[in-house]
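S.K.: In this note's numbering, the protein residues as written are 33 to 195.
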Amino acid sequence: MINIVLHEPEMPANTGNIGRTCVATGARLHLIEPLGFLINDKMIKRSGMDYWDKLDVTTYVSYEEFLEKNPGAKIYMATTKSKQTYTDVQYEEDCYIMFGKESAGIPEEILLENKSTCVRIPMLDDIRSLNLSNSVAIVLYEALRQNGFHNFQMEGQLHRYEW
């Protein structure tokens, strides 16, 4: 199971969207405080729609507590500061992919301690960053693709017609 980690997320709508993506992909969501909202915030539930109760989510009071409770975790860190792209690495089935808060990303002190597992999504030079929930979806689906989309429905079904 892939693990998505949000370090101090600020916007409930992004976290709700990410929660819904986690439910759709079987990923586990980890939230590192402080959060910019309450977990029961109606915006989270609206963004996650009726999926929030199906979400496997754990909250931590700090990055240190997250590390303590997940010893030995292989953590990839999504950042605009990395030299390697998100497609340059091989994601393990039980890896953790961390994303920082919307306004500042993952703290540079944490990134410097984890240079070899930092990844970036390529963008044009004049763009600061992508939306957080879009970034999570891009990297998560690459990790799932690399691991063969185990247990995923791979064929669509038309309602009235056949392919």
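Don't be surprised by glycine CBs; every beta carbon is placed ideally from N, CA and C.
Do Leu172 and Ile71 have their C-beta atoms within less than 8 Å of each other?
M.R.: Mapped onto the sequence shown, residue 172 falls at position 140. Mapped onto the sequence shown, residue 71 falls at position 39. No, the pair does not count as a contact, with Cβ atoms beyond the cut-off.
S.K.: I want to know whether the stretch 158-173 touches the stretch 101-117 - three or more CB-CB distances under 8 Å.
M.R.: The stretch 158-173, when compared against the stretch 101-117, does touch it at the 8 Å Cβ threshold.
S.K.: My understanding is that Glu42 touches Glu65, with C-beta atoms under 8 Å, so please give their C-beta distance in whole angstroms.
M.R.: Start at 1 with the first residue of the sequence shown, and residue 42 comes out as number 10. Start at 1 with the first residue of the sequence shown, and residue 65 comes out as number 33. Incorrect: roughly 12 Å between the Cβ atoms, too far for contact.
S.K.: Report the rounded CA-to-CA distance for Lys115 versus Val121, giving the unit in angstroms.
M.R.: Indexing the sequence shown from 1 puts residue 115 at position 83. Indexing the sequence shown from 1 puts residue 121 at position 89. Going by the C-alpha atoms only, they are around 12 Å apart.
S.K.: Which word fits Phe181, buried or exposed, when buried means at least 16 other C-beta atoms lie within 10 angstroms of its C-beta?
M.R.: By 1-based counting over the sequence shown, the position of residue 181 is 149. Label assigned to Phe181: exposed.
S.K.: Let me check understanding here. Comparing Cα to Cα, which of Val89, Met33, Asn163 lies closest to Phe131?
M.R.: Along the sequence shown, read from residue 1 onward, the residue named residue 131 stands at position 99. Nearest option by C-alpha distance: Asn163.
S.K.: For Arg160, which residues does DSSP report across the bridge?
M.R.: Taking the first residue of the sequence shown as 1, we reach residue 160 at position 128. Paired residues: none, contrary to the question.
S.K.: By alpha-carbon positions, which one of Arg52, Gly48, Ala56, Leu87 ends up nearest to Asn183?
M.R.: Along the sequence shown, read from residue 1 onward, the residue named residue 183 stands at position 151. Residue Ala56 is the option with its Cα nearest to Asn183.
S.K.: With 16 as the cutoff for other CB atoms within 10 Å, does Thr47 come out buried or exposed?
M.R.: Taking the sequence shown and counting its residues from 1, one reaches residue 47 at position 15. By the neighbour-count rule (16 or more Cβ atoms within 10 Å), Thr47 is buried.
S.K.: Relative to the alpha-carbon of Asn179, which residue among Glu97, Tyr123, Arg152, Asp158 has its alpha-carbon at the smallest distance?
M.R.: In the sequence shown, residue 179 corresponds to position 147, counting from 1. Of Glu97, Tyr123, Arg152, Asp158, the residue nearest in Cα terms is Tyr123.
S.K.: Check each candidate in Leu61, Arg52, Cys54 and name the one with the smallest Cα separation from Leu38.
M.R.: Counting from one through the sequence shown, the residue named residue 38 turns up at place 6. For the residues Leu61, Arg52, Cys54, the minimum Cα distance to Leu38 belongs to Leu61.
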